[in-house]
Every structure is written in C-alpha cells, then in structure tokens.
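In the working numbering, the protein residues as written are 942 to 1254.
No residue lacks a Cβ here, since even glycine has one placed at the ideal position from N, Cα and C.
Owing to the predicted nature of the structure, the values given are computational and were not obtained by experimental measurement.
This report concerns only the one structure given below.
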C-alpha cells in the first residue's frame, strides 16, 4: 500500500513538473524591458552605461567677406579704380554714391573717394584730412555725401588720405612722413626722420601721396579744397581764385588772413593746381581746433554756395 502511494505521489510530481515546463515554453511571455527601463535599472544599480547622442543634421555656411572700405557709409560694393602707378584712366565707368578705393595707406588701409552729383558737371575735389591729428574736415566731407548738389556740379569726396595718422592721432603717416611735404610739385628734401616736417626720402615716396596724385589726374578737377587745423583762416588772393575764397570765408565765418610761416615745398595745395582744369583753383581751409555742429553746417553751406555761384550750370 505504501509503495502504491509513493508511486502515485511521484506521478503527480512529474505531472506538475511537466505543466510548469509547458507554461515557460508556450504560455504567457514575460514582459520585455524597454531600453529606457534597462537604462534606468543599470543606472540605479551603479553599472556603467553608454549614452549615444543623436546629432541632428547641420548645414555648413560658407564664410563671407566684409569690405573694409565702408568706413564712411554703409555700402554693398567697393570698386578699385586702378593701381597707384597708372596715370590715365577713364572716369566715366566709375560709379556714383559708392566708395571707390583708389589706393592704400602705409598700413594697407583703403583710401576711398565718393563721387556725388552731376556726372557731367564741373568737378570739385575735397579732402577732409591730410594731417592725422587734423581730422575735423572729415565731418564736412561726410556730411556733403548726403546733401543735394547744384545742377552741373559733381563733388569728389575724400574723407582722408591719412587714415593711419588719424588712428594714431599724429601729423605724419605711419612711416613718419609729413604728406603735405611729400607731393611731387616743387618737392625738395626737408628735415630728417622724426622731424614734424620730414618730407620723405623722395617726391611721392608714400603710397598715400602716389594714390592722391593718380586720383587728381583721373578726376582733373575744377576746384580742390584741403581741410587743415587749427589756424582758423583762409589766405586771401586775387582774381577768380580770390573771389571763391572770399565767398567761402564769408559763409563759413572764417576770416581772410594770410598764413604766415614761410614758403614750403611739396605741399598738396600747390600740387593740386597742376591737375586742375583751365584756371583751376586749389586752396587750404584752416579750421579751428574743434568743429561745432553750427560750424559744420556753415562749412557745408559754404561749399554748396561756391558750387552754385561759380560752377553750376
């Protein structure tokens, strides 16, 4: 009897064991952990994990170049008219109201000019600064860029031919040369390096001077004005030149007084008379030590009055 009970118990155990095996193979499947759950479990138990970062697609933007010649007014185009060793260029193809690069300074800063007004009219060339520490005239030239010009007149506006000197607030260019003694007309050796009037090793030895000489030959102006500081005057003279000076002085508020101090060689104003048309005029406007807003407006009005009375058609 006992053997029969033992046998029956064994059979029951075997049957129960088989049922368990059948449940694991074909019964309900145990839930599968998601990758998030696995990650959480591994982090929770301190096991090392590897995180794969998903990098979105990127777009590569090509680099753009920015022109340094827009020191004066925002523009989209700069046009180089020539290299500084050229002397005859047709100006008809040059754009209006856009800075035109006509040379570079000793430190490779661009020298720019803007032509503004009647392209077929009389040409007035204005230079705001030649001595770096005399930069009040730049404001006058820049203001004229936005003014209405009388019919039959075109302004050629050069804010500065000495950007290096302006930046350093010194009279000379970066080579220590007084550009107002370096022009080729009646140039002569003057002083030694380090002297405030050092004229350079030769006529037009400086890139700024050579560029200005080229520009003068391209423009062939009817009038050239150079702005200086701070003697506060315009030198009188006779003839039509004297009449133009007198009108400018009257409207600007500057007195007509001689500039004393002797005769200088290689000056810009004397050279400019060699590139003007006919009885072309070139002279210096000596501003005061500073330029107020009222004085700025007066000088702009003086330029436009001279243009209207002597050059408009």
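Helix, strand or coil at residue i according to DSSP, with G and I counted as helix
i: residue 998; result: Summary for residue 998: the model assigns pLDDT 40, below 50, so the residue's position carries little reliability; its value from the coordinates is reported in the next sentence. Coil.
i: residue 1195; result: coil
i: residue 1251; result: helix
i: residue 1103; result: coil
i: residue 1272; result: Nothing about residue 1272 can be read from this structure; the chain reaches only from 942 to 1254.
i: residue 962; result: Note that residue 962 scores a pLDDT of 42, beneath 50, so its modelled location is shaky and nothing firm can be said.
i: residue 1071; result: coil
i: residue 1031; result: coil
i: residue 1139; result: coil
i: residue 1217; result: coil
i: residue 1148; result: helix
i: residue 1037; result: coil
i: residue 1202; result: coil
i: residue 1184; result: helix
i: residue 979; result: For residue 979, the predicted model reports a pLDDT of 29, less than 50, meaning its position is unreliable; a value from the coordinates is still stated below. In the structure shown, residue 979 sits in a helix (DSSP, three-state: H, G or I).
i: residue 1049; result: coil
i: residue 1118; result: coil
i: residue 1087; result: coil
i: residue 1179; result: coil
i: residue 1232; result: coil
i: residue 1240; result: helix
i: residue 1134; result: coil
i: residue 1006; result: Caution applies to residue 1006, whose pLDDT of 31 falls short of 50 and renders its modelled position unreliable; the value that the coordinates give is listed next. Residue 1006 falls in the coil class under three-state DSSP.
Cβ-Cβ separation, residue j to residue i (assumed contact under 8 angstroms), whole Å
i: residue 1056; j: residue 1035; result: 6 angstroms
i: residue 1237; j: residue 1081; result: 6 angstroms
i: residue 1199; j: residue 1176; result: 5 angstroms
i: residue 1203; j: residue 1129; result: In fact, because the Cβ distance is near 13 angstroms, the residues do not count as touching under 8 angstroms.
i: residue 1257; j: residue 1066; result: Residue coverage of the chain in this structure runs from 942 to 1254, which leaves residue 1257 outside it and unanswerable.
i: residue 1147; j: residue 1116; result: 6 angstroms
i: residue 1215; j: residue 1126; result: 5 angstroms
i: residue 1071; j: residue 1120; result: 5 angstroms
i: residue 1043; j: residue 1156; result: 5 angstroms
i: residue 1205; j: residue 1068; result: About 17 angstroms; that fails the 8 angstroms criterion.
i: residue 1159; j: residue 1217; result: Going by Cβ atoms, the distance from residue 1159 to residue 1217 rounds to 13 angstroms, so no, they are not a contact pair.
i: residue 1064; j: residue 1123; result: Residue 1064 to residue 1123, Cβ: 24 angstroms. No contact.
i: residue 1090; j: residue 1248; result: 7 angstroms
i: residue 1189; j: residue 1241; result: Not confirmed; about 11 angstroms, so no contact.
Residue range of the beta strand (DSSP E) that includes residue i
i: residue 1166; result: 1164-1170
i: residue 1129; result: Element bounds for residue 1129: n/a, residue is neither H nor E.
Residue(s) in a DSSP beta bridge with residue i
i: residue 1055; result: 1098
i: residue 1227; result: 1169 and 1174
i: residue 1079; result: Paired residues: none, contrary to the question.
i: residue 1222; result: 1164
Host alpha helix (DSSP H) of residue i (start-end)
i: residue 1042; result: Per DSSP, residue 1042 belongs to no alpha helix (DSSP H); it is in the beta strand (DSSP E), 1041-1045.
i: residue 1212; result: 1209-1213
i: residue 1092; result: It is not in any alpha helix (DSSP H) - residue 1092 carries neither H nor E in the DSSP assignment.
Residue i CB to nearest heavy atom of the ligand ATP below 7 angstroms
i: residue 1072; result: Ligands displayed in this structure: none; no statement on the ligand ATP is therefore possible.
Per-residue burial, residue i [other beta carbons within 10 Å of its own, 16 or more giving buried]
i: residue 1104; result: buried
i: residue 1136; result: exposed
i: residue 1058; result: buried
i: residue 1195; result: buried
i: residue 1163; result: buried
i: residue 1234; result: exposed
i: residue 1100; result: buried
i: residue 1110; result: exposed
i: residue 1143; result: exposed
i: residue 1220; result: exposed
i: residue 1114; result: buried
i: residue 1133; result: exposed
i: residue 1154; result: buried
i: residue 1046; result: buried
i: residue 1170; result: buried
i: residue 1031; result: exposed
i: residue 1254; result: exposed
i: residue 1087; result: exposed
i: residue 1179; result: exposed
i: residue 1048; result: exposed
i: residue 957; result: Note on residue 957: pLDDT 37, under 50, position unreliable in the model; no value is reported.
i: residue 1231; result: exposed
i: residue 1210; result: buried
i: residue 1095; result: buried
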